[in-house]
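Below is one structure, written out as structure tokens, with a few remarks after it.
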Amino acid sequence: GVTDVSSVPVNFSVDGGIAITETAVGAIAAGETSTYTFVTTANLSTSGTHIINAFTSIADDADDSNDDFSLNINSLATPVIDLGDDQTACDELTLDANNPGATYNWSTGATTQEIVVTETGGYSVTVTDPLSGCIATDFINVEIFASPIASFTYTLAGDMITFTNTSTIGTYTWDFGDGSPLSNVSSPSHEYSVAGTYTITLTVSNECGDDIYTAVISNINDAILYFDNNVLINIFPNPANEYLNICANGLLKENIWYSLFSINGEMLIPQTQLITSGNCQQLNLTQFESGLYILQLHSSSLTARSVVILQ
């Protein structure tokens with residue numbers, strides 16, 4: 006134009022959309038040109054060719070042939086990746102970088118779209134679009150907890166069982182199978198008052214849930230009869246099938262007799278002298294039906310009884 010101008014309105018639109026209007030502050034001398042950079046950015050997030058149209062309108066402009074221009078811009082595809090917020094998981098977690106067909110570079114060295122992580126730590130991935138070469142990255146912190154694993158071993162000595170806990174870390178709940186209170190001790194010992202077979206259950210719990218391990222232990226209370234100091238009468242197996250062994254240790258100093266009674270008190274095997282110290286005697290029980298019986302042992306001064314289970 007032939008006159009100076011100032012505060013010129015400038016506009017642009019993308020693909021014929023709503024125009025963005027801003028003001029180019031400052032004076033432009035007559036016959037001069039000026040370059041303006043828009044504060045508002047154009048949205049070219051959709052890949053493909055976009056038409057940018059920039060224009061201005063000045064009243065009494067003697068030459069409006071240069072008041073607008075158009076430009077075609079090819080927007081290349083950029084991968085969109087979101088591994089999500091930091092996460093906690095039990096045992097493992099699958100991370101997915103999406104964008105099928107892209108190339109992947111994980112911090113673990115993996116080059117697949119998905120990875121399965123089993124350890125606590127930070128994980129990142131760089132995704133590259135194969136056509137545009139554009140890249141995107143993301144990072145996530147992961148905390149992995151191990152699910153509980155319950156297991157134990159045990160040592161049986163007569164009516165006493167000592168348990169060794171071989172489980173993973175957690176809280177422990179023991180059920181000894183005899184109606185006694187539950188125990189939360191890591192490796193407990195337990196004494197049984199009645200002979201028999203028991204199912205022992207250990208439950209291990211942590212933030213990932215519970216795991217249960219059970220063991221069926223037979224012949225509990227095989228040895229429960231004591232005479233004087235350290236004189237042991239060992240009775241096994243209990244429960245018994247056809248035969249029952251009665252053994253005396255080497256500390257026996259007097260004769261011992263035994264008798265077998267029904268649970269109702271009927272004598273089934275009359276008083277019989279037990280073998281000598283350090284030896285065993287076997288009872289034939291094949292003539293009796295399955296059930297509970299009472300084995301009575303006595304010396305000249307002491308008497309002891311044990312429940313015998315016949316299967």
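Take 6 as the starting number for the sequence shown in our numbering and just add one per residue. Beta carbons: idealized from backbone N, C-alpha and C, even for Gly. Only a predicted model underlies this, so the values are computations on that prediction, with no experimental measurement involved.
Worksheet entry | Closer than 7 Å to chain B by CB, Val221 | Of the protein chains in the structure, only one exists, and it is not chain B.
Worksheet item: In terms of DSSP beta bridges, what is Ala29 paired with?
Response: According to DSSP, which records beta bridges pairwise, Ala29 is partnered with Val13.
Worksheet item: How about Leu207 and Tyr197: do their beta carbons lie closer than 7 Å?
Response: Their beta carbons are not under 7 Å apart, which means Leu207 does not touch Tyr197 by this criterion.
Worksheet item: In chain order, what residues of the same chain lie with their CB nearer than 8 Å to the CB of Cys213, ignoring the 5 residues before and after it?
Response: Only Cys95, Asp96, Phe150, Ala151, Ser152, Pro153 meet the Cβ criterion.
Worksheet item: Hey, how far is the Cα of Phe144 from the Cα of Val130?
Response: Taking the Cα positions, Phe144 is about 7 Å away from Val130.
Worksheet item: When DSSP builds the beta bridges, which residues end up paired with Val221?
Response: Answer is Thr204, bridged to Val221.
Item to complete: Kindly indicate the opening and closing residues of the beta strand (DSSP E) around Cys95.
Response: Counting along the chain, the beta strand (DSSP E) containing Cys95 begins and ends at 92 to 95.
Worksheet item: Apart from the five residues on each side of it in sequence, which residues of its chain come closer than 6 Å, Cβ to Cβ, to Asn2?
Response: There is simply no residue 2 to check, as the chain begins at 6 and stops at 316 in what is shown.
Worksheet entry | Burial state of Tyr5, where buried means 16 or more other Cβ atoms lie within 10 Å | Coverage of the chain is limited to positions 6 through 316, which leaves residue 5 absent and any answer about it impossible.
Worksheet item: Taking Cβ positions, are Thr45 and Ile25 nearer each other than 7 Å?
Response: With respect to Ile25, Thr45 sits close: the two C-beta atoms are nearer than 7 Å.
Discussion item. Can you check which of these residues, Thr38, Thr40, Ala59, is closest to Asn47 by C-alpha distance?
Written reply: It should be pointed out that residue 47 corresponds to Ala in this sequence rather than to Asn. Ranking Thr38, Thr40, Ala59 by Cα distance to Ala47 puts Ala59 first.
Worksheet item: Going by C-alpha distance, which of Val10, Gly138, Phe241, Tyr203 is nearest Ala64?
Response: Measuring from the Cα of Ala64, the nearest candidate turns out to be Val10.
Worksheet item: Which residues in the same chain as Asn104 place their Cβ atom closer than 6 Å to its Cβ, once the five residues preceding and following it in sequence are excluded?
Response: Excluding residues up to 5 positions away in sequence, Pro84, Val132 lie with their Cβ nearer than 6 Å to the Cβ of Asn104 in the same chain.
Worksheet item: Closest to Thr277 by CA distance: which of Ser264, Phe43, Glu271 is it?
Response: With distances taken between CA atoms, Thr277 lies nearest to Ser264 out of Ser264, Phe43, Glu271.
Worksheet item: Quick one, are the C-beta atoms of Thr204 and Val221 less than 7 Å apart?
Response: One thing to note: Thr204 has its Cβ within 7 Å of the Cβ of Val221.
Worksheet item: Can the beta-carbon of Leu302 be found less than 7 Å from the beta-carbon of Ala245?
Response: Against a cut-off of 7 Å, the Cβ pair of Ala245 and Leu302 comes out as no contact.
Worksheet item: Hey, would you say the C-beta of Trp179 is under 6 Å away from at least one heavy atom of the ligand GTP?
Response: You won't find the ligand GTP in this model; it holds no ligand whatsoever.
Worksheet item: Grouping DSSP H, G and I as helix and E and B as strand, with all else coil, what is Cys285?
Response: Reduced to three states, the DSSP call for Cys285 is strand.
Worksheet item: First and last residue of the beta strand (DSSP E) that includes Asp330?
Response: Here the chain comprises residues numbered 6 to 316, so residue 330 is not present and cannot be evaluated.
Item to complete: Label Phe74 either buried or exposed according to how many other C-beta atoms from any shown protein chain fall within 10 Å of its C-beta, with 16 as the threshold for buried.
Response: Here Phe74 is exposed. Its C-beta has fewer than 16 other C-beta atoms within 10 Å.
Worksheet entry | Beta carbon of Leu249 nearer than 7 Å to that of Leu288 | Yes.
Fill in: Pro242 (DSSP reduced to helix, strand or coil)
Shown here, Pro242 sits in coil according to DSSP, grouped into three states, outside any helix or strand.
Worksheet item: What span of residues does the beta strand (DSSP E) with Gly53 cover, start to end?
Response: According to the DSSP assignment, Gly53 belongs to the beta strand (DSSP E) that extends over 53 to 61.
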